[in-house]
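Numbering (the working numbering), first residue to last: 1256 to 1655.
A virtual CB, placed ideally from N, CA and C, is assigned to each residue, including glycine.
Below: one structure, written as structure tokens.
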Ligand code: PMT
């Protein structure tokens, strides 16, 4: 099961040297379940041939305004009508100008004009072309009309310099495409705060007390909320995961730093989802220098950390939906129910971390969702992305 299963993507490829990356993008879309129809502009055909994309998609590739589908309907009307999303990657300055001004002079611009599908643009070009007021105005107009823009970014350009104009990383282009496909009215204008990863409580300049949270569960929730159209603040302990596109990330290494960041972010937010594994205790003091080995044992004194979600409840009450996790190794459901009440949560995800494929570091998780008034849903072992979706389905119900 891929993330684009059954989705019809029209991929427009235009004449930028970065268009060679569109072949990889196309292949990933196909491998993750999308039906991809590719349109190549005349300039793109100077760099790549239709055969490349035909081989990747096993479907016809469209190059002329007068192309027809196998049933002889006009491709420039039919493709746009069938599309779930129109993704233009890379989007050259010329194509952006055509789109902004409704000029339907080639197959791609005509399809865009004839389509009501959401539009994603991934511009890539020379830095001066990107910074030209004409290009800026065209992009601003397209965004105003609802287009999702991803990139460009600063990086190596074909001219041999490092500057703005490089195509966004393909993971970001895919993330923007998921947002175009996933937006839902219930999440429009919503602000969601998500925590992820484990906190690290310093002992001395080189050591800390931590836990095995990888951040995967929280990051999956943040990305799923972004895909639904929410504005997402992700507050994370140290993790090795890349920052997800379209999500505001703030790093908070310790429980107390996480508390400050979460309290500030929750002001005016619609939901808080606490997937982070926050240390309940921290060393009573932090040694200024590395603690030396002395040949005898070492006793540590720990003091309790503040409870973040309970503090949010005390500060904001039920003005926002509060979701917690309970990572447990015994009495899982009873402990989760106790934490739901004690921390003022609307929903808790009881997480038996002793089950195979569940809990810390895995790509899958098994949780039981427990709500107020005894509401409960047992979920099987699922990909963390799918668990995130089920949690957000419940949060969506709680919004209304
Ligand atoms: O990051 P991964 O590798 O993907 O692993 C995911 C996970 C196992 C970390 C995640 O699914 C999970 O279960 N997170 C919660 C872990 C945890 O700390 O549970 P807890 O039972 O100790 O805490 C209960 C709730 O209170 C949690 O929502 C926690 O974020 C919150 N809490 C805990 C302590 C504290 N001082 N402040 C808090 O707000």
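About 16 Å separates the Cβ atoms of residue 1394 and residue 1373, ruling out a contact at the 8 Å cut-off. In this structure residue 1412 touches residue 1381 by the C-beta definition: roughly 7 Å separates them, less than 8 Å. Distances from the CA of residue 1386 to each of 1400, 1369, 1399 and 1421 were compared; the closest alpha carbon is that of 1421.
Contact between the stretch 1641–1648 and the stretch 1492–1507 is absent: fewer than three C-beta pairs spanning the two stretches fall below 8 Å.
By the Cβ neighbour-count rule, residue 1606 is buried, with 16 or more other Cβ atoms within 10 Å of its own. Residue 1530 places its beta carbon less than 8 Å from that of residue 1473. Relative to ligand 1, the nearest heavy atom lies less than 7 Å away from the CB of residue 1533. Under the three-state reduction of DSSP, residue 1584 is assigned to coil, being neither helix nor strand.
Residue 1558: member of the beta strand (DSSP E) spanning 1557–1559, first to last residue. 1342 is the residue among 1334, 1342 and 1522 whose C-alpha sits nearest the C-alpha of residue 1284. Contact holds between the stretch 1260–1268 and the stretch 1359–1370, because three or more Cβ pairs, one in each stretch, are under 8 Å apart. The beta carbon of residue 1353 is closer than 7 Å to those of 1360 and 1364 in its chain, skipping five residues each way along the sequence. By the neighbour-count definition (other C-beta atoms within 10 Å, threshold 16), residue 1446 is a buried residue.
In the DSSP assignment, residue 1445 forms no beta bridge with any residue. CA-to-CA, the gap between residue 1277 and residue 1291 works out to about 12 Å. Along the stretch 1361–1422, the alpha helix (DSSP H) occurs as fully enclosed runs of 4 or more residues at 1362–1368, 1382–1386 and 1388–1399, listed in sequence order. Secondary structure note for residue 1521: its alpha helix (DSSP H) is the uninterrupted segment 1510–1521. Taking residue 1448 as reference, the option from 1409, 1275, 1279 and 1516 with the minimal CA-CA separation is 1516. Relative to the Cα of residue 1467, the nearest Cα in the group 1627, 1494 and 1457 belongs to 1494. Counting of Cβ neighbours within 10 angstroms places residue 1338 among the buried residues, the total reaching 16 or more.
For residue 1468, the Cβ falls inside the 7 Å cut-off from some heavy atom of ligand 1. Assignment of residue 1354 by DSSP, reduced to helix, strand and coil, places it in the helix class. Counting other Cβ atoms within 10 Å of its Cβ, residue 1553 stays below 16 and is therefore classed as exposed. Judged by pairs of C-beta atoms under 8 Å, the stretch 1540–1555 does not touch the stretch 1603–1621, as fewer than three such pairs exist. Measuring C-alpha to C-alpha distances from residue 1575 to each of 1538, 1528 and 1581 identifies 1528 as the nearest. Rounded to whole angstroms, the separation of the alpha carbons of residue 1642 and residue 1619 is 8 Å.
Relative to ligand 1, even the nearest heavy atom lies 7 Å or more away from the CB of residue 1376.
Residue burial is scored here from C-beta neighbours: residue 1440 has fewer than 16 other C-beta atoms within 10 angstroms and is therefore classed as exposed. Minimum Cα-Cα distance from residue 1621 among the listed residues 1609, 1629 and 1627 corresponds to 1609.
Only buried fits residue 1476, as 16 or more other CB atoms lie within 10 angstroms of its CB.
Cβ atoms of residue 1430 and residue 1406 stay farther apart than 8 Å, at about 11 Å. Residue 1463 is bridged by DSSP to 1457. Taken in chain order, the unbroken stretches of beta strand (DSSP E) that lie wholly in the stretch 1538–1578 and span 3 residues or more are 1557–1559.
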